[in-house]
Amino acid sequence: MKCPNCHIDLQPKNDRGVAVNACPKCKGLWFTPAELDEFEDLAIDPEAKTGSLYIVDWPTQLQCPVCSAGLKRFEYRFFGLQIDCCPEHGFWLEANDDEKILSLMRQEAAALDRKFTAEQKWAKQLNHMRSPTFFGKLKSLFQR
Ligand SMILES: [Zn+2]
Ligand SMILES: [Zn+2]
6 MKCPNCHIDL QPKNDRGVAV NACPKCKGLW FTPAELDEFE DLAIDPEAKT
56 GSLYIVDWPT QLQCPVCSAG LKRFEYRFFG LQIDCCPEHG FWLEANDDEK
106 ILSLMRQEAA ALDRKFTAEQ KWAKQLNHMR SPTFFGKLKS LFQR
């Protein structure tokens, strides 16, 4: 698999116990849906994961390392962190985005009021979605 930014081979990397693929040059990380779920579990109770993402359907210049389709951008948990993804294969995080995700999620876990608000917003905007899994939700957004 090639880095979407640098077009060099991604290398296997262990990020806090989760096996991902990383670019040695730009330090971007490629997560499959299962790997991102596993990564989220480091910071947050799986029960509380219902509001993980919100699509802002912007096409990017980047290509999926697996199928070369154009990656799409979504916003992570209402905190303005933007991640690129292929709806079939996974998620591309720029260098240090993994740190940002974990720290945002820890803040969220600590701030129950804000979490409740975020979940309500999520439910309001995406209340037609029924898929129980993180990746299922993502796919149904693309299929809308
Ligand atoms: Zn790179
Ligand atoms: Zn793909």
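Here our numbering is used: the first residue of the sequence shown is 6, the next is one more, and so on.
Beta carbons: idealized from backbone N, C-alpha and C, even for Gly.
What you are looking at is a predicted structure, and each value in this text was computed from that prediction instead of being measured.
On a Cα-Cα basis, can you pick out the residue from W63, K32, K77 and N26 that is closest to L41?
The option with the nearest alpha carbon to L41 is N26.
With DSSP as the reference, identify every bridge partner of V25, one or two as the case may be.
Answer is K18.
Near F36, which residues of its chain fall below 6 Å by C-beta distance, leaving aside the five closest residues on each side in sequence?
V25, G95 and F96, listed in sequence order.
Rounded to whole angstroms, what is the Cα-Cα separation between D20 and D89?
If you take the alpha carbons of D20 and D89, they lie about 18 Å apart.
Quick one: Cα of P4 to Cα of E99, how far?
Absent from the structure is residue 4, since the part of the chain shown begins at 6 and ends at 149.
If we count the other Cβ atoms within 10 Å of its Cβ and call it buried at 16 or more, is P29 buried or exposed?
Counting Cβ neighbours within 10 Å, P29 comes out exposed, since fewer than 16 surround it.
For the candidate residues P17, F44 and G75, whose alpha-carbon lies nearest to that of C91?
Residue G75 is the option with its Cα nearest to C91.
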